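A short write-up of the structure that comes next.
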Amino acid sequence: MARKSTRGHPLWQFDQRHLRESACPGVVGVDEAGRGALAGPVVAAVAHIPAASYTISSFRRNSRTINDSKQLKAAEREEQFLLIEQWRADRWIVAAPGVASVEEIAALNILGATRLAMQRALAALEIELLVAGQGGGDLLKPASNSATYPLVLVDGRPLKPFPWQHTAVVGGDGKSLAIAMASVVAKVTRDRLMVQLHEEDGRFGYDQHKGYGAPRHLEALRAHGPSPHHRSLFLRKLVLPAQNDQAELF
Numbered sequence: 001m002a003r004k005s006t007r008g009h010p011l012w013q014f015d016q017r018h019l020r021e022s023a024c025p026g027v028v029g030v031d032e033a034g035r036g037a038l039a040g041p042v043v044a045a046v047a048h049i050p051a052a053s054y055t056i057s058s059f060r061r062n063s064r065t066i067n068d069s070k071q072l073k074a075a076e077r078e079e080q081f082l083l084i085e086q087w088r089a090d091r092w093i094v095a096a097p098g099v100a101s102v103e104e105i106a107a108l109n110i111l112g113a114t115r116l117a118m119q120r121a122l123a124a125l126e127i128e129l130l131v132a133g134q135g136g137g138d139l140l141k142p143a144s145n146s147a148t149y150p151l152v153l154v155d156g157r158p159l160k161p162f163p164w165q166h167t168a169v170v171g172g173d174g175k176s177l178a179i180a181m182a183s184v185v186a187k188v189t190r191d192r193l194m195v196q197l198h199e200e201d202g203r204f205g206y207d208q209h210k211g212y213g214a215p216r217h218l219e220a221l222r223a224h225g226p227s228p229h230h231r232s233l234f235l236r237k238l239v240l241p242a243q244n245d246q247a248e249l250f
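Here the sequence shown stands for residues 1 to 250, numbered as in the UniProt record's numbering.
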């Protein structure tokens, strides 16, 4: 049987090229969602694709629909999330989210909180790999022979400090299949958390804008003032310059 062509599957090809160059046993993609929001947590996610999974024809075929979560409509993200969940059940991939709270964003700033969320996602991934029987402890930590560990690809620029060896890929959620999967998991996980916050407090419309600076959100802030779910530093930096007359609210 002729081998199925991977032409037209650039995200798959990107990961395969890095696997060949590194001789690693798999790829771990890392991405975040909610970094620029005015309210709610920042959520990171990781997706681990073992090298063997890239050879599964149905996985290769169906993963063509996976893309950077920002390029997808909400319904498309939900469909892809269900696909990812099925692949997890089939043990073709392993994925896990990590969350940093509004309080941690205030304490660490958004960069520090994003790193923390990514660390939590990677730590959760190690536990998932152990449960799946795919290795022992410290599965992602660097060693003298780095080829014995999965290649960790992080969307964006290098993370410093960060306890895991990794390769930064600017625009990685549109280049790497593993990072794109992580972006979908992070976005859908965070969107669902924001819907839960809306159910607790419907004044701000979190279910619609997910905590970003949409006009409806800014209008609600002017009317009600901030809630405990708002990022106070973000409000001072981004909202106050244009709304000095509302400074007492923040």
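The beta carbon of each residue, even a glycine, is placed where N, CA and C say it ideally should be. For clarity, every value in this text was computed on a predicted model and none was experimentally measured.
For A168, I'd like the list of residues in its chain whose CB is within less than 7 Å of its CB, leaving aside the five on either flank, ordered along the chain.
-> V154, G156, R157, P158
Length of the line joining the Cα atoms of S69 and R222 = 30 Å
Nearest neighbour of A123, chosen from I110, V99, Q80 [CA to CA] = V99
May I have the straight-line CA-CA distance separating N67 from L177, to the nearest angstrom?
-> 7 Å
Check whether V185 and F59 have beta carbons under 8 Å apart | no
Compute the Euclidean distance between the alpha carbons of residue 313 and I93, then round it to the nearest angstrom.
-> The requested residue 313 is not part of the displayed model; the chain covers only 1 to 250.
Reduced DSSP secondary structure (H/G/I, E/B, other) of D207 = helix
Neighbour-count burial assignment, D245, 16 or more Cβ in a 10 Å radius = Because D245 sits at a pLDDT of 43, beneath the cut-off of 50, its placement in the model cannot be relied upon, and the following sentence gives the value as read from the coordinates. When all chains shown are included, D245 counts as exposed.
Taking buried to mean at least 16 other C-beta atoms within 10 Å of its own C-beta, is H166 buried or exposed?
-> buried
DSSP beta-bridge partners of P25 = The partner list for P25 (beta bridge, DSSP) is empty, contrary to what the question assumes.
Unbroken alpha helix (DSSP H) runs of length 4 or more, entirely within the stretch 40–66: which are they?
-> 57–62
What is the residue span of the beta strand (DSSP E) that L151 lies within?
-> 151–155
Are the Cβ atoms of S22 and L151 separated by less than 8 Å?
-> yes
Enumerate in chain order the residues of its own chain whose CB-to-CB distance from V188 is below 7 Å, with the five nearest sequence positions on each side excluded.
-> R77, E78, F81
Using the rule of at least 16 other Cβ atoms within 10 Å of the residue's Cβ for burial, across every protein chain shown, is S53 buried or exposed?
-> buried
Which residues does DSSP pair with V184 in a beta bridge?
-> Answer is none; V184 lacks a bridge partner.
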